[in-house]
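There are 2 protein chains.
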Amino acid sequence: MLNSYSSADKVLLAVDCIIFGFDNEGLKILLIKRDFEPEKGKWSLIGGFLKRDEVLDDAAIRILNTYTGLHDIYMEQLYAYSDIDRDPVERTISVSYYALINIENHNAELIKNYHAQWFSIADAPNLIFDHDEMVQNAIKRLRYRTSIKPIGFELLPEKFTMRQLLELYEAILSKELDKRNFISKINSLEILNKLEEKDMQSSRKGSYLYTFNKEKYEEKLLNDFVLNL
Amino acid sequence: MLNSYSSADKVLLAVDCIIFGFDNEGLKILLIKRDFEPEKGKWSLIGGFLKRDEVLDDAAIRILNTYTGLHDIYMEQLYAYSDIDRDPVERTISVSYYALINIENHNAELIKNYHAQWFSIADAPNLIFDHDEMVQNAIKRLRYRTSIKPIGFELLPEKFTMRQLLELYEAILSKELDKRNFISKINSLEILNKLEEKDMQSSRKGSYLYTFNKEKYEEKLLNDFVLNL
DNA sequence: AGATAAATGCGTAAAAATGACACTTTGATA
DNA sequence: TATCAAAGTGTCATTTTTACGCATTTATCT
Numbered sequence: 001m002l003n004s005y006s007s008a009d010k011v012l013l014a015v016d017c018i019i020f021g022f023d024n025e026g027l028k029i030l031l032i033k034r035d036f037e038p039e040k041g042k043w044s045l046i047g048g049f050l051k052r053d054e055v056l057d058d059a060a061i062r063i064l065n066t067y068t069g070l071h072d073i074y075m076e077q078l079y080a081y082s083d084i085d086r087d088p089v090e091r092t093i094s095v096s097y098y099a100l101i102n103i104e105n106h107n108a109e110l111i112k113n114y115h116a117q118w119f120s121i122a123d124a125p126n127l128i129f130d131h132d133e134m135v136q137n138a139i140k141r142l143r144y145r146t147s148i149k150p151i152g153f154e155l156l157p158e159k160f161t162m163r164q165l166l167e168l169y170e171a172i173l174s175k176e177l178d179k180r181n182f183i184s185k186i187n188s189l190e191i192l193n194k195l196e197e198k199d200m201q202s203s204r205k206g207s208y209l210y211t212f213n214k215e216k217y218e219e220k221l222l223n224d225f226v227l228n229l
Numbered sequence: 001m002l003n004s005y006s007s008a009d010k011v012l013l014a015v016d017c018i019i020f021g022f023d024n025e026g027l028k029i030l031l032i033k034r035d036f037e038p039e040k041g042k043w044s045l046i047g048g049f050l051k052r053d054e055v056l057d058d059a060a061i062r063i064l065n066t067y068t069g070l071h072d073i074y075m076e077q078l079y080a081y082s083d084i085d086r087d088p089v090e091r092t093i094s095v096s097y098y099a100l101i102n103i104e105n106h107n108a109e110l111i112k113n114y115h116a117q118w119f120s121i122a123d124a125p126n127l128i129f130d131h132d133e134m135v136q137n138a139i140k141r142l143r144y145r146t147s148i149k150p151i152g153f154e155l156l157p158e159k160f161t162m163r164q165l166l167e168l169y170e171a172i173l174s175k176e177l178d179k180r181n182f183i184s185k186i187n188s189l190e191i192l193n194k195l196e197e198k199d200m201q202s203s204r205k206g207s208y209l210y211t212f213n214k215e216k217y218e219e220k221l222l223n224d225f226v227l228n229l
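Chains S and X, in that order, are what the protein sequence lines are. Counting with full-length UniProt numbering, you get residues 1 to 229 for the letters of the first sequence. Counting with full-length UniProt numbering, you get residues 1 to 229 for the letters of the second sequence.
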């Protein structure tokens, strides 16, 4: 009985996480200042190596937790990067994962302790290796996802205004949307609960707060649709 | 200067290729009868191991060539599969690639010598490991691709009839399409050249042959669109 | 009390896309 | 020359999308 493919080469397999967040200022990504060589002190995606007895999805979760304290984050696999010299130390293939999370919910404190930091997409620093390319591809995927699945549950606070949702979509798609049409399209998805309560920060009149209807939201997640914004 | 990440585990990295082809009979995939253990003699995707100094894209090309003699095939990366026991011999992560190719152009002879064989999607045998899952995901991706990029250049003969193109789309999407609407939608893409020449096999009247307008086709490949069939 | 500013809600006209549908043409064959 | 089988071709009603307009509501600011 065969117990190894002896002639085949083994390589290091890494995972890098692109974590998107959103707040009043716009779409952000979570980066860390690398605390080991090479490129120590430079900004990078949150990454680490796959262990021998670990599934990639789990590795992504573990690595994210190790560097940020974040847990219960659902990430999706994106792409495997394999340029020979992408990591100058040793041949490493890296599989990228991405997630959307709610910045407020996820304890800025903890992230701080771990030296992770949010950056606006627009003015993020240059990243090490091929991480900038990974981020660009992740943004592309995020845009696509936006057109076939509802987005927001993961990125907005529990209660949010229509304007916030609109601004989220505008930030992801990086284009302006007509408020009236946007509202009626979103309403037609039937994934929101309108609350009695209003947010009085934003204006004198105040704007109604909404929450996501979790059940309907998840139903929509299962069955792709086309959302034309 | 650091020259290894000594504490990290190394793993085998494989590539598996899902090769789609099309002929009068419909959409097919190319499989091989495994000539080594484990699962020797069973049907499987065309796969092999990444070499230490090789990029994944190149590995896919090399492996496909090794087992089928095919060359100059453009493949796209799909997904990395990493279940712990997906390969019973040794921990192996596999990255799947897929391609569309023209069955006729690619020399049935050569494929035969290499023991590779075309199977209709519908009645392909069960495959080893997680290869069935890989195929299902590739079909999903192929359908998606169909809705945002033109397809056919890779799958049809140089000259083809509208009916052939229609049947290709029907095979990929596995649904019937209205001939008249299909033709006008395809024409609106402006990627076809209508020839003077007719194909007289198909009917007494004969049907016009078309070729792809390579330039416009590739322009469309760059800029995604939405094709609603 | 009145002005203000933003949110909301209703509406609609024009443009675009979708989808359903049927008859004519053609060349080979008998 | 009548028949056949497949190719080829256009119209129109409906729905969806888009781009706006505008009157109303309401808490606050003066």
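Glycine included, every Cβ here is placed at the ideal spot set by N, Cα and C.
Under the assumption that residue i contacts residue j (Cβ atoms under 8 Å), give the Cβ distance between them as a whole number of angstroms.
i	j	result
residue 96 of chain X	residue 78 of chain X	4 Å
residue 90 of chain X	residue 4 of chain S	5 Å
residue 229 of chain X	residue 213 of chain X	20 Å between Cβ atoms; not a contact.
residue 150 of chain S	residue 221 of chain S	7 Å
residue 45 of chain S	residue 59 of chain S	Actually they are not in contact, since the Cβ atoms of residue 45 of chain S and residue 59 of chain S sit about 14 Å apart, beyond 8 Å.
residue 102 of chain X	residue 37 of chain X	No, residue 102 of chain X and residue 37 of chain X are not in contact; Cβ-Cβ is about 34 Å, not under 8 Å.
residue 69 of chain X	residue 30 of chain X	Not quite, the Cβ-Cβ distance comes to about 11 Å (not below 8 Å), so this is no contact.
residue 115 of chain X	residue 61 of chain X	That belief does not hold up - the Cβ atoms of residue 115 of chain X and residue 61 of chain X are roughly 19 Å apart, past 8 Å.
Pull up the distance between the alpha-carbon of residue i and that of residue j, whole angstroms please.
i	j	result
residue 104 of chain S	residue 88 of chain S	36 Å
residue 137 of chain S	residue 204 of chain S	41 Å
residue 85 of chain X	residue 135 of chain S	31 Å
residue 12 of chain S	residue 34 of chain S	19 Å
residue 189 of chain S	residue 71 of chain X	47 Å
residue 206 of chain X	residue 127 of chain X	41 Å
residue 113 of chain X	residue 92 of chain X	28 Å
residue 18 of chain S	residue 164 of chain X	43 Å
residue 124 of chain X	residue 76 of chain S	29 Å
residue 56 of chain X	residue 73 of chain X	14 Å
residue 139 of chain S	residue 202 of chain X	47 Å
residue 152 of chain S	residue 168 of chain S	8 Å
residue 63 of chain X	residue 6 of chain X	30 Å
residue 66 of chain S	residue 66 of chain X	42 Å
residue 14 of chain S	residue 173 of chain S	29 Å
residue 26 of chain X	residue 120 of chain X	7 Å
residue 106 of chain X	residue 183 of chain X	28 Å
residue 43 of chain X	residue 122 of chain X	15 Å
Would residue i count as contacting chain X if we go by Cβ distances under 9 Å?
i	result
residue 99 of chain S	no
residue 233 of chain S	Coverage of chain S is limited to positions 1 through 229, which leaves residue 233 of chain S absent and any answer about it impossible.
residue 13 of chain S	yes
residue 54 of chain S	yes
residue 16 of chain S	no
residue 83 of chain S	yes
residue 220 of chain S	no
residue 50 of chain S	yes
residue 108 of chain S	no
Of the choices the options, whose alpha-carbon is the least far from that of residue i?
i	options	result
residue 145 of chain X	X/83, X/90, X/58 and X/99	X/99
residue 211 of chain X	X/202, X/229, X/222 and X/187	X/187
residue 171 of chain X	X/10, X/11, X/14 and X/28	X/28
residue 21 of chain S	S/195, S/208, S/179 and S/108	S/108
residue 195 of chain X	X/184, X/132 and X/159	X/159
residue 133 of chain S	S/185, S/174 and S/80	S/80
residue 24 of chain S	S/141, S/118, S/130 and S/179	S/118
residue 83 of chain X	S/69, S/83 and S/53	S/53
residue 175 of chain S	S/197, S/162 and S/143	S/143
residue 200 of chain X	X/161, X/166 and X/215	X/161
Please tell me whether residue i has its Cβ less than 9 Å away from any Cβ of chain S.
i	result
residue 44 of chain X	no
residue 92 of chain X	yes
residue 157 of chain X	no
residue 8 of chain X	yes
residue 3 of chain X	yes
residue 149 of chain X	no
residue 89 of chain X	yes
residue 57 of chain X	yes
residue 95 of chain X	yes
residue 133 of chain X	no
residue 125 of chain X	no
task = Any chance you could list the alpha helix (DSSP H) runs of at least 4 consecutive residues sitting entirely within the region 20 to 108 of chain X, in chain order?
result = Those alpha helix (DSSP H) runs which fall completely within the region 20 to 108 of chain X and span 4+ residues are 56 to 68.
message = Please give me, in chain order, every unbroken run of the beta strand (DSSP E) with length at least 3 that falls completely inside the region 143 to 226 of chain X.
response = 192 to 199 and 207 to 212
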